[in-house]
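This report refers to the structure that appears directly beneath it.
Protein chains: 6
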Amino acid sequence: AVYVNGKFCKDPRKVSPNDFFYTGLNVPRRTSNRLGVNVTLLTADSIPGLNTMGLSLGRVDLAANGGLNPPHHHPRASEIFYLIKGTLYVGFITANPTHRLFAKILTAGDVFVFPLGLIHFQWNIGSRQAVGFAILNSQNPGVVTTANTLFGAVPAVLSDVLAKAFQLDVATVEYLQQLPWQNP
Amino acid sequence: AVYVNGKFCKDPRKVSPNDFFYTGLNVPRRTSNRLGVNVTLLTADSIPGLNTMGLSLGRVDLAANGGLNPPHHHPRASEIFYLIKGTLYVGFITANPTHRLFAKILTAGDVFVFPLGLIHFQWNIGSRQAVGFAILNSQNPGVVTTANTLFGAVPAVLSDVLAKAFQLDVATVEYLQQLPWQNP
Amino acid sequence: AVYVNGKFCKDPRKVSPNDFFYTGLNVPRRTSNRLGVNVTLLTADSIPGLNTMGLSLGRVDLAANGGLNPPHHHPRASEIFYLIKGTLYVGFITANPTHRLFAKILTAGDVFVFPLGLIHFQWNIGSRQAVGFAILNSQNPGVVTTANTLFGAVPAVLSDVLAKAFQLDVATVEYLQQLPWQNP
Amino acid sequence: AVYVNGKFCKDPRKVSPNDFFYTGLNVPRRTSNRLGVNVTLLTADSIPGLNTMGLSLGRVDLAANGGLNPPHHHPRASEIFYLIKGTLYVGFITANPTHRLFAKILTAGDVFVFPLGLIHFQWNIGSRQAVGFAILNSQNPGVVTTANTLFGAVPAVLSDVLAKAFQLDVATVEYLQQLPWQNP
Amino acid sequence: AVYVNGKFCKDPRKVSPNDFFYTGLNVPRRTSNRLGVNVTLLTADSIPGLNTMGLSLGRVDLAANGGLNPPHHHPRASEIFYLIKGTLYVGFITANPTHRLFAKILTAGDVFVFPLGLIHFQWNIGSRQAVGFAILNSQNPGVVTTANTLFGAVPAVLSDVLAKAFQLDVATVEYLQQLPWQNP
Amino acid sequence: AVYVNGKFCKDPRKVSPNDFFYTGLNVPRRTSNRLGVNVTLLTADSIPGLNTMGLSLGRVDLAANGGLNPPHHHPRASEIFYLIKGTLYVGFITANPTHRLFAKILTAGDVFVFPLGLIHFQWNIGSRQAVGFAILNSQNPGVVTTANTLFGAVPAVLSDVLAKAFQLDVATVEYLQQLPWQNP
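Protein chains in written order, with this note's numbering: chain A, 354 to 537; chain B, 354 to 537; chain C, 354 to 537; chain D, 354 to 537; chain E, 354 to 537; chain F, 354 to 537.
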């Protein structure tokens with residue numbers, strides 16, 4: 354098997370409309386998990402026709418009363434978020450040295466932008482399930498969920514590093530490191 | 354006044370969350386026009402925070418029984434189309450020499466990809482208004498509606514050129530050229 | 354067989370000067386066809402050394418008294434057109450909403466620019482064969498000849514779509530769809 | 354004042370060799386702070402000639418016995434790190450879903466790569482001050498220090514969001530949020 | 354006066370077809386100079402509509418019996434060269450460590466490719482004036498004529514540097530440095 | 354064997370920290386050769402993890418009293434040079450028509466920028482070995498050493514071409530062409 358940057362292309366003679374197609378993105382996803390979130394991300398893996406097109410699309414379901422798409426960033430994409438149902442508190446934080454939070458409460462029909470590579474989150478503050486769409490300008494944007502990446506790394510990051518970085522004691526860090534860290 | 358490629362940036366000290374925000378994209382648009390279509394395109398003009406981010410988002414409303422987003426292309430963007438309501442016949446056509454039509458009937462929850470620079474369309478074949486979202490990887494993608502561009506150009510393209518290109522007689526071309534050509 | 358975005362490279366040890374070479378671009382091409390046009394496009398397919406170089410070059414022969422390179426666009430390239438013989442009426446049309454025609458009569462030695470992704474054409478208004486060169490900034494620019502793509506698609510686009518888009522009756526559209534559509 | 358994406362250029366007639374020059378990067382920096390780290394980052398702000406050149410260079414001083422450049426990422430750059438003095442434990446963590454830690458102990462003369470947008474860190478495990486150089490392929494790479502960004506944001510991120518994301522109780526989060534968060 | 358990377362744009366309302374137009378590229382240029390060469394390069398400076406389009410076009414006139422476009426490279430462009438009249442010996446040389454010469458004798462109608470950033474030349478070995486066109490994929494490609502740049506620099510490069518690099522004695526270098534170095 | 358633009362990727366399951374690692378860049382290199390220079394360039398060939406990352410790093414050792422990294426350029430990269438030991442005279446020369454030399458004497462801790470594609474050099478004017486680091490924004494930047502490329506090409510460039518370009522007599526050129534041309 355050989356590997357290239359990104360994905361191989363299909364034989365053009367064998368490409369069909371279904372290679373540009375996906376169905377069922379309107380079906381609500383289950384959010385009965387610790388975070389109350391479920392992300393369906395359509396990349397060139399799920400829609401072959403996205404290969405080299407520079408786009409992907411995600412559906413984000415957030416459970417009522419606190420479903421959370423926790424702080425994360427995309428190493429290779431900017432994002433537009435469009436909320437079609439529910440009420441969310443969303444935001445992103447600028448880089449050093451300002452760490453300025455740009456936050457907003459969104460209701461259905463609202464749009465918010467998360468700039469390239471900055472950490473952002475969506476938090477359901479409403480009393481019913483919320484649904485939004487995340488639009489990304491890469492067919493392979495990547496998702497780095499901050500807490501999961503740092504405390505759920507395999508093998509584990511040295512606990513002293515995380516304790517000093519987060520101003521936590523080592524015991525707390527090691528407690529966190531043995532927890533399960535579910536990805537959205 | 355001076356002009357740069359794209360848009361000037363705001364003074365970073367004066368940027369606020371509202372520069373990354375748009376509201377009301379869930380409000381149905383009026384489609385009572387000849388084509389039965391209404392496109393709301395959010396670019397860096399409507400959301401300043403999209404400047405340099407490489408993304409835009411459009412809402413497409415299509416009237417029941419034949420609303421049409423007529424054949425067009427985006428000179429600077431690929432597209433993902435996501436249908437949230439209705440039933441559409443959509444497609445794109447490949448470049449010379451194959452002119453192969455990739456078409457599909459979409460229902461709510463379906464996704465289709467239109468590759469960079471290729472002509473595509475959406476046609477409402479259902480009995481109620483349809484609504485979809487067009488996702489584009491440029492903050493200034495441009496829209497070239499094919500028929501409008503060629504027959505509605507100002508000043509007019511020489512009728513002989515269009516007659517020969519479209520295998521129409523000159524009288525037909527000149528008749529078309531004096532019609533109004535509403536953009537979606 | 355495997356496929357990558359673009360073309361595979363040759364084994365560097367087997368590359369020779371001929372991989373960067375093409376001969377005979379000065380030979381007049383036959384233009385005895387319906388449109389009176391003949392385009393020879395040199396891409397990475399005809400000159401392997403163009404692979405990854407971001408350039409291609411086309412020769413355009415236009416028959417006397419009305420040879421036409423009909424309206425078309427390049428999904429992946431801007432163009433400089435250089436006329437070495439004859440007299441042409443050329444132009445491009447800007448995107449929505451302006452549809453402004455930028456046109457010019459060119460004689461030998463004139464240069465005109467067609468911006469990325471915009472529809473443009475060349476029309477021989479002189480009494481002898483014209484020859485120009487099209488310079489494109491992609492080794493695989495693509496050509497979408499507008500009328501051919503829409504009316505010559507395989508399978509055919511629904512005639513209702515084209516009738517509504519072009520403000521033609523369905524019978525005219527269906528007549529056009531069964532015509533041959535020769536590519537330049 | 355007007356703003357463009359990036360920085361304005363100098364009048365070419367007034368550019369001198371000093372616009373491409375910086376002195377004193379060999380001078381040890383003070384690391385007597387909580388993290389035991391001091392980063393000097395040379396971007397187009399400090400060397401005007403870097404504007405549009407796609408490169409920047411940082412010096413990283415790490416205090417003996419635990420100086421830490423805490424987990425962070427660059428939203429717009431890949432990095433090569435080169436250690437010239439000391440002994441470090443360094444690493445980066447891959448994106449969801451693997452969260453795989455790629456870590457290594459470095460001694461003087463060692464080089465390590467941190468891929469675009471991934472979280473990484475450097476930790477001084479030796480008994481004397483360490484010095485390394487961070488090489489970044491953007492003249493404005495940005496630095497997002499993870500803990501500082503999330504717990505030191507202004508205004509503060511809702512504590513419920515961070516508590517749920519990090520599996521901490523709200524009181525701990527609020528305690529962390531009122532601490533000072535010094536940037537390296 | 355302010356400067357941006359590249360050039361400012363014109364007010365779109367004031368743009369006319371002439372901004373995309375240049376005339377007279379078919380007029381032979383005088384080549385009665387030491388090198389027997391005359392290059393007319395059309396960039397965004399001469400055709401405003403080329404701004405941001407990623408293309409430029411040059412006419413190269415070479416005097417009979419030895420007119421020379423001396424070894425040079427373009428720091429920001431690949432090139433296709435198209436010969437319309439005459440007989441040339443052309444070539445480019447690959448980078449370290451191979452320094453392989455790819456050379457060819459061209460006659461009218463021949464095309465040759467010079468890859469991005471490699472040193473290349475055109476030498477008229479025929480008995481009449483030759484004319485070719487250089488096609489470059491940047492609106493500001495730059496030209497670095499090798500000998501002129503090194504021996505005609507202002508202020509002069511230290512003669513010891515050039516002597517050692519070229520394996521010439523210092524007197525020869527200093528003799529060369531006080532010669533005039535006409536650019537093509 | 355098949356070839357792609359750049360390098361194939363490793364099987365992600367087999368990637369280890371050593372793929373992002375290089376050791377021994379602090380070891381002085383031998384400079385006992387004609388030019389008194391030794392360049393160690395780490396690209397995606399020596400560090401597989403640099404593949405697609407857009408960066409490379411070189412160590413440059415220059416012998417005392419005249420070690421020279423002779424005039425050269427990188428066809429695919431800008432450069433930051435950082436001097437950690439010794440005293441150098443460095444410079445680059447701008448493109449036609451100005452040929453302006455931007456030069457500077459550097460001592461340990463100094464930084465200098467060499468813009469994309471411009472010819473530059475480093476010359477040891479101190480009495481001890483000098484060491485610097487070259488930082489390049491490509492994983493495959495290429496090095497074109499000017500004199501070596503032109504006078505050491507295989508097969509040889511026609512001596513008439515070089516004689517005319519450099520204003521040398523043909524005998525001198527042919528003498529130079531049969532000399533060995535060691536690359537740094």
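Even for Gly, the Cβ is constructed at its ideal location relative to N, Cα and C. All values derive from a computational prediction rather than experimental measurement.
Inter-residue Cα distance where the pair is residue i and residue j
i             : j             : result
residue 453/A : residue 424/D : 19 Å
residue 459/C : residue 382/C : 20 Å
residue 479/B : residue 443/C : 42 Å
residue 476/C : residue 364/E : 29 Å
residue 368/A : residue 483/B : 28 Å
residue 521/A : residue 415/A : 29 Å
residue 378/F : residue 464/D : 8 Å
residue 545/B : residue 357/C : This structure gives no information on residue 545/B, because the portion of chain B shown stretches from 354 to 537.
residue 488/A : residue 431/B : 13 Å
residue 399/B : residue 362/B : 14 Å
8 Å Cβ cutoff met for residue i and residue j
i             : j             : result
residue 462/C : residue 376/E : yes
residue 394/D : residue 518/A : no
residue 490/B : residue 408/A : yes
residue 436/B : residue 433/A : no
residue 503/B : residue 515/B : yes
residue 495/B : residue 427/B : yes
residue 471/C : residue 445/C : yes
residue 392/E : residue 537/E : yes
residue 497/B : residue 501/C : no
residue 373/E : residue 526/C : no
residue 492/C : residue 396/C : yes
residue 485/E : residue 413/E : yes
residue 499/F : residue 499/E : yes
Residue i - DSSP class collapsed to helix/strand/coil
i             : result
residue 513/A : helix
residue 487/B : strand
residue 503/E : helix
residue 471/C : coil
residue 363/B : coil
residue 403/F : helix
residue 384/E : coil
residue 456/B : strand
residue 376/B : coil
residue 415/F : strand
residue 493/D : coil
residue 408/B : coil
residue 358/B : coil
residue 368/E : coil
Chain A contact residues for residue i, given Cβ-Cβ distances below 7 Å
i             : result
residue 355/C : 361
residue 379/B : 437, 461, 462
Listed by chain order, chain C residues near residue i by CB distance under 7 Å
i             : result
residue 490/F : Here the premise fails: no neighbours, minimum Cβ distance about 18 Å.
residue 424/B : 503, 518
Listed by chain order, chain F residues near residue i by CB distance under 9 Å
i             : result
residue 376/D : 459, 460, 462, 463, 464
residue 373/D : 445, 455, 457, 464, 465, 466, 467, 468
Proximal chain E residues relative to residue i, where beta-carbon distance stays under 8 Å
i             : result
residue 358/B : 359, 362, 404, 405
Partners in chain D for residue i, counting only beta-carbon separations shorter than 8 Å
i             : result
residue 469/A : 428, 429
Interface partners of residue i on chain F, CB under 8 Å
i             : result
residue 448/E : 428, 495, 496, 497, 502
Proximal chain D residues relative to residue i, where beta-carbon distance stays under 7 Å
i             : result
residue 433/F : 408, 410
residue 370/F : 455, 456, 457
Members of the stretch 485–519 of chain B near chain C, C-beta cut-off 8 Å:
495, 496, 497, 498, 499, 500, 501, 502, 503, 504, 505, 506, 507, 508, 509, 510, 511, 513, 514, 515, 517, 518, 519
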